[in-house]
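Numbering (this note's numbering), first residue to last: 1 to 309.
Positions of the beta carbon are idealized from the N, C-alpha and C atoms, including for glycine.
The structure presented is a predicted model; accordingly, all values stated were derived computationally and were not measured.
Each remark here refers to the structure printed beneath this line.
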Ligand code: MRU
């Protein structure tokens, strides 16, 4: 299963708004369709939005659009994951945007497998691993980063169990990670976000592995709630790993300079289509938070397992 497919001059994206109920592809015929898909979370996860954005530049080029203007629009579709800007700039500066997008696509598949291979070395037989959000096949072309490590360890015969945080407000853990792991027949249990600390206190979690939207000097940005998981992990002595490709690194800048996306209030006010707070409730809805480097045991990349930067 591929999250992203390029077929006859159009981009197909698994429509992640519809999972786990329906597995359908969303068709993008021009770059504006891709911008819609990124903004509305048809496609999400740092590597996947990078690959989709690269194809958006290619679509603009094929349609003889003003490619520089299109690139600026594509870059501003979501602000936090650096893969998006990285992929747009790389595609824009190449002679053939389509060839470059296809190269980024293939590299993503190679990179996630290399992350899986390196990461499997830190997983022990019998481990219970907690993960937050979805850093799986659905967040990349396929395979995944944090879930790629789990996949690789599982395929080596290590008996791994996974605990997924539901990941409010959009439920990427519940809807996407659980779905992926069930398909692979990897044992998985779902918890509410607030249960992660308690399970660690009870000694029920051996390791935490999450993905990243940006890794810069001083820490890692990932889905809102990652910081609380990291703080609990430190308190209860649970190793905390981040799995991410080099394209997620922004070594020039401080992590505290990252623009953290603020999303709409309805994501918080509604749950499964039902309103859960009184009318007039004010909401703060940051989509990501910052995990400082001193809370991170190591970062798993395609080049190996390294210290946080
Ligand atoms: O808002 P999302 O669903 O795009 O956020 C995704 C995450 O935070 C992932 O953990 C991150 O992008 C890593 S994906 C390999």
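Excluding sequence positions up to five away, which residues of its chain have a Cβ less than 7 Å from the Cβ of residue 100? One-based indexing of the chain shown puts residue 100 at position 100. Contacts found: 54, 90, 91, 94.
Can you determine whether any heavy atom of ligand 1 sits closer than 6 Å to the C-beta of residue 44, and answer yes or no? In the chain shown, counting from the first residue as 1, residue 44 sits at position 44. Residue 44: yes, Cβ under 6 Å from ligand 1.
Identify the residues that DSSP records as bridge partners of residue 301: which are they? Numbered from 1 along the chain shown, position 301 holds the residue referred to as residue 301. Answer is 304, bridged to residue 301.
Can you name the start and end residues of the beta strand (DSSP E) that residue 287 belongs to? One-based indexing of the chain shown puts residue 287 at position 287. Per DSSP, residue 287 lies in no beta strand (DSSP E) and is assigned neither H nor E.
Between residue 104 and the rest of its own chain, which residues show a CB-CB distance below 8 Å, the 5 nearest in sequence each way excluded? On the chain shown, position 104 is the one that residue 104 refers to. Answer for residue 104: 50, 51, 54, 87, 90, 91, listed in chain order.
Would you call the CB atoms of residue 165 and residue 118 closer than 7 Å? Working through the chain shown from its first residue, we reach residue 165 at position 165. Working through the chain shown from its first residue, we reach residue 118 at position 118. Not a contact, by the Cβ cut-off of 7 Å.
Is there contact here, the segment 58–65 with the segment 212–231, by at least three beta-carbon pairs under 8 Å? In short, these stretches do not touch, since the Cβ pair count stays below three.
Could you tell me which uninterrupted beta strand (DSSP E) segments, each at least 3 residues in length, are contained entirely in the segment 71–153, listed from first to last along the chain? You should have 128–131.
Give the secondary structure of residue 250 by DSSP, where H, G and I count as helix, E and B as strand, and everything else as coil. Sequence index remark: in the chain shown, residue 250 carries index 250 (1-based). Three-state DSSP puts residue 250 in a strand.
Within 6 Å: the Cβ of residue 172 and any heavy atom of ligand 1? The count along the chain shown starts at 1 and reaches residue 172 at position 172. At least one heavy atom of ligand 1 is nearer than 6 Å to the Cβ of residue 172, so yes.
Following a CB-centred definition, is residue 75 positioned closer than 6 Å to any heavy atom of ligand 1? Residue mapping note: residue 75 aligns to position 75 of the chain shown, counting from 1. No - ligand 1 has no heavy atom lying nearer than 6 Å to the Cβ of residue 75.
Only counting the same chain, and skipping five residues up and downstream in sequence, which positions put a Cβ closer than 7 Å to that of residue 2? Within the chain shown, numbered from 1, the residue matching residue 2 stands at position 2. Same-chain partners within the cutoff: 141, 142.
Between residue 98 and residue 190, what straight-line distance do the alpha-carbon atoms span, to the nearest angstrom? The residue you call residue 98 lines up with position 98 of the chain shown. The residue you call residue 190 lines up with position 190 of the chain shown. Straight-line Cα distance between these residues: approximately 40 Å.
For ligand 1, is there any heavy atom lying closer than 6 Å to the beta carbon of residue 18? In the chain shown, counting from the first residue as 1, residue 18 sits at position 18. Incorrect: residue 18 has no Cβ contact closer than 6 Å to ligand 1.
Of the choices 207, 36, 213, whose alpha-carbon is the least far from that of residue 245? Numbered from its first residue, the chain shown carries residue 245 at position 245. Answer by Cα proximity: 213.
Is any heavy atom of ligand 1 found at a distance shorter than 6 Å from the C-beta of residue 133? The residue given as residue 133 occupies position 133 in the chain shown. Indeed, a heavy atom of ligand 1 lies less than 6 Å from the Cβ.
Got a sec: does ligand 1 put a non-hydrogen atom nearer than 6 Å to the Cβ of residue 211? Taking the chain shown and counting its residues from 1, the one referred to as residue 211 is at position 211. Flag set: Cβ of residue 211 near ligand 1.
At a threshold of 6 Å, does residue 40 count as lining ligand 1 (C-beta to nearest heavy atom)? For the purposes of this step, residue 40 is taken as the residue at position 40 of the chain shown. The nearest non-hydrogen atom of ligand 1 is 6 Å or more from the C-beta of residue 40.
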